[in-house]
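According to our numbering, the sequence shown is numbered sequentially starting from 47.
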Amino acid sequence: MTCPSLTIDTPAGPVHATAGPRQADAVVFELGGAMRGSVHVTGTHHPHRWDQFSAVRACLGPVNAYQTTAPAEDLPRLARGRTGYRGSLTLYGDDYTDRPQVSVHPMESAAEQEPSQKTAAVLTAVLRACAEHVAQRADLPAILDASRQRDAPSLLRFLVWSVDHHQAEAARLEREARDAHPARRAAVAAWWTVARWFTACPHPVLLLMLADLPYSVLPGSLARTVDVKQWLAPYCLDRAAEEYERARRAQDEAASLRAQQRPRPRGDRTALVTAH
């Protein structure tokens, strides 16, 4: 069987990428021409949906960079250079357009230096071409299924933690909202007390306490305290509602991911949006 080979036009010249035999969850490309080394392409979840394995990720190097780090000597480099580079690119479908979207993880050298603009363009072009090739393969569903099986345990742990975290944050914000009401009433009462003192015996210090001054100017400004406590309660309640929504979404995604782990009838597979 002939291994698929790509020719990728880059600012450094043509790069040839030859796909090796498919592994369970990945395809590794060997590079030639203007670039040497390997690119590892695997399935991954959609950047905005932890439970939807409908994207592909290309990493510089022969291994999945999200699981292990390739040695510096195994990192891809330009044919005339000695510097190896790390980085990755995710190709995924967009809910609002028919064109696939690309998310690029920052590129860096083995010495953690940012590549030049030209080199970054070469690396990105090669990663994208390899990712697009895998996104169009007939065996993509098998790659995505294997990738989901690989990542599901760690994703479920993260989602369970996320639910607890967002629920705890929502409860904290609700407590802060409840505490803001008596604090506001106390600040209003204190303002009126100081106002009566000022009426009885005007003094510049009392006037400052009554004025609505920024915290940086006067931390004890009662008028500013009243104003802050006035908007703090509804603000905290709105934030709490957002945290509850994040917790609910994490619960739904965890449930969906668990359901996908159960055996399904043959041929029932989720398709990736074909890259164009």
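Quick reminder that beta carbons are idealized off the backbone N, C-alpha and C, glycines included. If you're wondering where the values come from, they're calculated on a predicted model, not measured in any experiment.
Using the three-state DSSP reduction, which class does residue i fall into: helix, strand or coil?
i, result
"VAL180", "helix"
"ALA116", "coil"
"THR136", "strand"
"CYS20", "This structure gives no information on residue 20, because the portion of the chain shown stretches from 47 to 322."
"GLU222", "helix"
"HIS322", "Residue confidence is low: HIS322 scores 35 on pLDDT, short of 50, so the model does not pin down where it sits. Its coordinate-derived value is still stated next. Of the three classes helix, strand and coil, the one that applies to HIS322 here is coil, per DSSP."
"GLU76", "strand"
"SER51", "strand"
"VAL109", "coil"
"GLN307", "helix"
"THR143", "coil"
"PRO250", "helix"
"PRO161", "coil"
"PRO67", "coil"
To the nearest angstrom, report how far apart residue i and residue j are at their CA atoms.
i, j, result
"HIS322", "ALA181", "Because HIS322 sits at a pLDDT of 35, beneath the cut-off of 50, its placement in the model cannot be relied upon, and the following sentence gives the value as read from the coordinates. Going from the Cα of HIS322 to the Cα of ALA181 covers about 9 Å."
"ARG218", "ARG128", "53 Å"
"ARG295", "ALA287", "12 Å"
"SER302", "ARG292", "15 Å"
"ALA80", "PRO161", "16 Å"
"HIS62", "ALA72", "19 Å"
"THR53", "TYR142", "31 Å"
"ASN395", "SER267", "Nothing can be reported for residue 395, as the shown portion of the chain is limited to 47 through 322."
"VAL234", "ASP210", "36 Å"
"HIS151", "CYS176", "15 Å"
"LEU278", "GLY107", "50 Å"
"GLN307", "PRO117", "33 Å"
"HIS92", "ASP273", "43 Å"
"ARG68", "GLU220", "51 Å"
"GLU178", "ALA70", "18 Å"
"HIS86", "ARG203", "25 Å"
"HIS94", "TYR281", "26 Å"
"ILE189", "ALA305", "18 Å"
"ALA223", "GLY89", "43 Å"
"ARG145", "LEU137", "10 Å"
"ASP55", "VAL148", "18 Å"
"THR170", "ARG196", "26 Å"
"ASP298", "ALA192", "22 Å"
"ALA167", "LEU186", "26 Å"
"TYR112", "SER84", "16 Å"
Using C-beta distances below 8 Å, list every residue in its chain close to residue i, excluding the 5 sequence neighbours before and after it, in chain order.
i, result
"ARG82", "PRO122, ARG123, LEU124, ALA125"
"VAL240", "LEU252, MET255, LEU256, LEU268"
Going by DSSP, what residues sit across from residue i in a beta bridge?
i, result
"ARG95", "HIS92"
"VAL148", "LEU137"
"MET81", "LEU124"
"GLU154", "ARG132"
"HIS227", "Note: HIS227 sits in no beta bridge, so no partner."
"VAL87", "VAL73, ALA104"
"HIS62", "THR53, GLY78"
Hey, out of the options, whose CA is closest to residue i's CA?
i, options, result
"GLU119", "HIS211, TRP96, PHE244, ARG132", "ARG132"
"PRO199", "TRP96, VAL73, LEU268", "TRP96"
"SER10", "ASP144, THR115, TYR142", "The first residue shown for the chain is 47 and the last is 322, placing residue 10 beyond what the model contains."
"GLN98", "VAL251, LEU201, ALA167", "LEU201"
"GLU215", "VAL102, GLU76, ASP284, GLN69", "ASP284"
"HIS212", "PHE75, TYR281, SER100, GLU289", "GLU289"
"VAL74", "VAL148, GLY59, ARG103, PRO60", "ARG103"
"LEU205", "ALA300, SER100, PHE244, GLU76", "ALA300"
"GLY139", "CYS247, SER100, ALA246, LEU77", "SER100"
Spatial neighbours of residue i within its chain, please: C-beta separation below 6 Å, excluding the five flanking residues on both sides.
i, result
"SER379", "Only positions 47 to 322 of the chain appear in the structure, and residue 379 is not among them; the question remains open."
"SER324", "Beyond the ends of the chain as shown, which are 47 and 322, falls residue 324; an answer cannot be given."
"PRO50", "ALA65"
"LYS164", "PRO57"
"LEU173", "ALA104, LEU135"
"ARG242", "none"
"GLY59", "ALA80"
Between residue i and the rest of its own chain, which residues show a CB-CB distance below 7 Å, the 5 nearest in sequence each way excluded?
i, result
"ARG230", "VAL272, LYS275, GLN276"
"TRP237", "LEU256, LEU268, ALA269, VAL272"
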